[in-house]
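Participant:
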Amino acid sequence: MKIDKLNINRRTMLKSAAALGATSTLGLTACSDNNTMAPPLLKGAIGKDGKEVAPWTNWSGNQSSTPNERLVPKNTQELVSMIKQTNQRIRLVGAGHSFSPLVPINETQMSLAYFYGITHIDKSSKQFDVAANTFLAGVGEELWKNGLSLENMPDINTQTFGGAIATSTHGTGINYGSMSTTVKSIQLVNGLGEEITCSAENNSDIFNAARNNIGTLGAVTKLRIQAEDKFHLKETSWMMDLQEGLEQAESLRDSHRHFEFYALPHADYILAITIDKIPEAEMQEPKTNNGDAYETFRTLSKVVDTVPFLRRFLINIGASTVKEETRTGKNFEVFGNLRDIRFNEMEYSVPAEHGVACLREILTTIKKQNIDILFPMEFRYVKADNVWLSPFYQRDSCAISCHNFADKDYKKYFAAIEPIFLKYDGRPHWGKIHTLSAKQLRAKYPMYDEFLRVREAMDPKKIFTNAHINQVLALS
Ligand SMILES: Cc1cc2nc3c(=O)[nH]c(=O)nc-3n(C[C@H](O)[C@H](O)[C@H](O)COP(=O)(O)OP(=O)(O)OC[C@H]3O[C@@H](n4cnc5c(N)ncnc54)[C@H](O)[C@@H]3O)c2cc1C
15 MKIDKLNINR RTMLKSAAAL GATSTLGLTA CSDNNTMAPP LLKGAIGKDG
65 KEVAPWTNWS GNQSSTPNER LVPKNTQELV SMIKQTNQRI RLVGAGHSFS
115 PLVPINETQM SLAYFYGITH IDKSSKQFDV AANTFLAGVG EELWKNGLSL
165 ENMPDINTQT FGGAIATSTH GTGINYGSMS TTVKSIQLVN GLGEEITCSA
215 ENNSDIFNAA RNNIGTLGAV TKLRIQAEDK FHLKETSWMM DLQEGLEQAE
265 SLRDSHRHFE FYALPHADYI LAITIDKIPE AEMQEPKTNN GDAYETFRTL
315 SKVVDTVPFL RRFLINIGAS TVKEETRTGK NFEVFGNLRD IRFNEMEYSV
365 PAEHGVACLR EILTTIKKQN IDILFPMEFR YVKADNVWLS PFYQRDSCAI
415 SCHNFADKDY KKYFAAIEPI FLKYDGRPHW GKIHTLSAKQ LRAKYPMYDE
465 FLRVREAMDP KKIFTNAHIN QVLALS
């Protein structure tokens with residue numbers, strides 16, 4: 015049978031390919047050495063009461079720590095007194111979805127798990143108040159019932175609002191900023207135990223710092239978010255020839271509400287994805303879920319591991335058979351994928367106009383250096399903003415993400431690619447892997463010193479720090 019007659023979708027094609035003889039290597043849980051290969055046997059630290067405190071690992075398993083205390087305040091009053099009474103450092107944890115070492119601490123780890131849910135919806139202003147530890151997935155239905163939707167979302171919905179805002183988490187769409195740009199006001203308890211409310215009108219410097227705070231100003235307890243009238247979406251994904259895709263990227267960006275693509279290393283294809291608003295009447299019948307594209311790539315990776323010399327051939331054959339797929343749904347049903355394939359990630363945002371050139375150079379480098387990588391790169395656009403530590407500060411940007419499976423080494427790959435991001439004046443995502451020093455970051459983020467000034471005022475005792483924060487903010 016000819017390949018082009020198979021008419022299969024992106025998942026089944028690669029599931030069949032797996033039958034060629036690949037073996038599974040998954041099963042990783044976590045690892046403490048910043049690398050990825052072996053599951054660790056972490057022993058928890060002994061707490062004040064003589065009992066072991068469970069160790070912590072992040073989503074992908076590349077970060078871990080052994081806190082000697084885990085605090086879970088039930089309300090703001092308890093939170094204030096915990097901060098006032100602490101004699102050691104505290105790091106807040108949300109959903110643990112950051113790849114960089116923002117969260118690890120061997121002193122106090124604090125979760126605001128009780129700060130959960132929408133607390134108020136104002137239909138006239140289309141704004142709602144949400145407790146900081148609410149998962150992004152936790153608001154869609156309730157907003158919908160009240161006639162509202164988030165304007166945009168990242169490609170998963172299992173982060174918390176507090177964590178997402180801390181790192182300028184974003185989706186794609188050149189007319190849409192990161193989630194931080196939808197924040198209208200923030201309540202937090204700072205390192206002195208003071209309750210602070212900030213917005214563009216009140217405490218505006220604190221607001222500009224707090225909308226990308228990397229967990230260093232205190233504990234964010236509540237956020238007011240701007241939503242919009244609820245809307246339905248249609249997502250279309252299809253394979254494009256690589257050169258054609260790169261040439262059309264900017265026009266696709268400008269002609270769709272959301273546009274992104276996945277570039278397949280070593281191959282001649284991209285997987286393009288557009289998402290647009292549709293009237294309810296255009297909703298399709300729900301379809302069987304074909305699974306996540308990342309699962310597809312995992313399967314393909316296992317095949318390539320067994321026959322590496324067929325890498326390009328296999329990826330191209332696979333890609334050429336993938337058919338166009340569409341799905342429709344309520345806003346929150348279309349945004350936000352399930353990622354049950356674990357990976358590690360580096361992401362830089364370059365000026366939007368350099369995005370295509372930067373990606374071209376990355377793809378060429380991967381080929382030239384024969385880098386053993388199969389995981390596709392994600393290519394998205396994000397609108398400029400005025401958030402002090404935002405990678406999108408005052409420039410429309412193209413966010414390019416490189417990944418590798420969590421049970422594979424990522425360091426060599428990221429080390430080869432990072433200089434290309436720097437050449438194109440890239441700014442790193444604070445929640446993803448990068449190797450920049452405080453000096454380099456200061457040169458990239460024009461409001462870096464202003465951020466430090468607010469941080470010092472909010473947390474003069476440096477309670478909300480760890481080794482990584484000290485390194486990226488040059489604190490001692
Ligand atoms: C599978 C996957 C997909 C992803 N997709 C995207 C994407 O599409 N776009 C994107 O931009 N990023 C993406 N990310 C990165 C992720 O959105 C960010 O790293 C985000 O910050 C994680 O949120 P979290 O709730 O897990 O917070 P954590 O990782 O637990 O914490 C992040 C930071 O927030 C701080 N923090 C958490 N809660 C509070 C609080 N209440 N008060 C003060 N500080 C707090 C922590 O101290 C830490 O500094 C993805 C990550 C994964 C694992």
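Count along the sequence shown from 1, then add 14; that gives the number in the working numbering. Where a beta carbon is used, it is the ideal one built from N, C-alpha and C, also for glycine. A quick note: this is a predicted structure, and the numbers were derived from the prediction, not measured.
For L28, does the three-state DSSP call read helix, strand or coil?
Facilitator: Bear in mind that the predicted position of L28 carries a pLDDT of just 36, short of 50, making it too unreliable to give a figure here.
Participant: Across which residues does DSSP place Y395 in a beta bridge pair?
Facilitator: In DSSP, Y395 forms a bridge with C412.
Participant: Using a C-beta cutoff of 8 Å, does M472 count as contacting chain C?
Facilitator: Going by chain labels, chain C is absent from the structure shown, which holds only one protein chain.
Participant: Since I210 sits in a beta bridge, which residues does DSSP pair it with?
Facilitator: Note: I210 sits in a beta bridge opposite L202.
Participant: Going by the beta-carbon positions, is the gap between T230 and F478 smaller than 8 Å?
Facilitator: Cβ atoms of T230 and F478: closer than 8 Å.
Participant: In the DSSP assignment, the alpha helix (DSSP H) including L285 goes from what residue to what residue?
Facilitator: No alpha helix (DSSP H) holds L285; the beta strand (DSSP E) holding it covers 283 to 292.
Participant: Since F393 and E274 are thought to touch, with beta carbons under 8 Å apart, how far apart are those beta carbons, to the nearest angstrom?
Facilitator: F393 to E274, Cβ: 6 Å. Contact.
Participant: Helix, strand or coil for V197 per DSSP?
Facilitator: The answer is strand: DSSP assigns V197 an E or B state.
Participant: Ligand 1 and R467: does any heavy atom of the ligand fall closer than 7 Å to the residue's C-beta?
Facilitator: No.
Participant: Ligand 1 heavy atoms versus the CB of H494: any closer than 7 Å?
Facilitator: There is no way to answer for residue 494, as the model of the chain reaches only from 15 to 490.
Participant: What are the boundary residues of the alpha helix (DSSP H) that includes F465?
Facilitator: Where F465 is concerned, the enclosing alpha helix (DSSP H) stretches over 462 to 472.
Participant: Any idea what DSSP makes of V317, helix, strand or coil?
Facilitator: V317 falls in the helix class under three-state DSSP.
Participant: Check whether the stretch 210 to 226 and the stretch 246 to 259 touch, using three or more Cβ-Cβ pairs below 8 Å as the test.
Facilitator: The answer is no - the stretch 246 to 259 does not touch the stretch 210 to 226, with fewer than three Cβ pairs under 8 Å.
Participant: Anyone know if the C-beta pair for V486 and Y438 falls short of 8 Å?
Facilitator: Contact: no.
Participant: Please return the same chain residues whose Cβ sits closer than 7 Å to the Cβ of A146, not counting the five positions on each side in sequence.
Facilitator: Hits under 7 Å: L126, F129, T174, F175, G176, V234, T235, K236, L237.
Participant: Bridge partners of S79, per DSSP?
Facilitator: Note: S79 sits in a beta bridge opposite W70.
Participant: For Y424, which residues of its own chain have a beta-carbon under 6 Å away from its beta-carbon, when the five flanking residues on both sides are left out?
Facilitator: Correct list, in chain order: N358, N418.
Participant: So the candidates are V396, V86, L489, G332; which of them puts its Cα closest to the Cα of D255?
Facilitator: Of V396, V86, L489, G332, the residue nearest in Cα terms is G332.
Participant: Report yes if the C-beta of D494 is less than 7 Å from at least one heavy atom of ligand 1; otherwise report no.
Facilitator: Since the first and last residues shown for the chain are 15 and 490, residue 494 lies out of range.
Participant: Is T183 near ligand 1, with its Cβ less than 7 Å from a heavy atom?
Facilitator: T183: yes, Cβ under 7 Å from ligand 1.
Participant: Using 7 Å as the cut-off, classify the Cβ of T174 as near or not near the heavy atoms of ligand 1, replying yes or no.
Facilitator: Yes.
Participant: Quick one: Cα of E339 to Cα of I284, how far?
Facilitator: In a straight line, the C-alpha of E339 is about 14 Å away from that of I284.
Participant: Closer than 6 Å by C-beta to E375: which residues in its own chain qualify, once you throw out the five before and the five after it? Chain order, please.
Facilitator: I434.
Participant: Look up N484 in the DSSP assignment and say whether it is helix, strand or coil.
Facilitator: Three-state DSSP puts N484 in a helix.
Participant: With 16 other CB atoms within 10 Å as the buried threshold, where does P293 fall?
Facilitator: Answer is exposed; the Cβ neighbour count stays below 16.
Participant: Can you give, in chain order, each stretch of the beta strand (DSSP E) that sits fully within the stretch 103 to 162 and has at least 3 residues?
Facilitator: The stretch 103 to 162 contains these whole beta strand (DSSP E) runs: 104 to 107, 122 to 125, 132 to 136, 141 to 145.
Participant: Starting from S451, trace the alpha helix (DSSP H) in both directions and tell me its first and last residue.
Facilitator: Premise fails: S451 is in no alpha helix (DSSP H) and is neither H nor E.
Participant: For Y459, count neighbouring Cβ atoms within 10 angstroms of its own Cβ and tell me buried if that reaches 16, exposed if not.
Facilitator: Y459 is buried by the Cβ-count criterion.
Participant: Considering only residues of the same chain and omitting the five flanking positions on each side of A430, which have a CB-CB separation below 7 Å?
Facilitator: Counting only Cβ-Cβ distances below 7 Å, and skipping sequence neighbours, we find T379, Q383, I385.
Participant: Taking 7 Å as the limit between beta carbons, can you name the residues of its chain near F245, skipping five residues before and five after?
Facilitator: Excluding sequence neighbours, F245 sits near S163, K291, N345.
Participant: Out of Y362, A371, M193, L489, which one is the CA nearest neighbour of H448?
Facilitator: Ranking Y362, A371, M193, L489 by Cα distance to H448 puts Y362 first.
Participant: What is the DSSP secondary structure of E359, counted as helix, strand or coil?
Facilitator: Strand, per DSSP.
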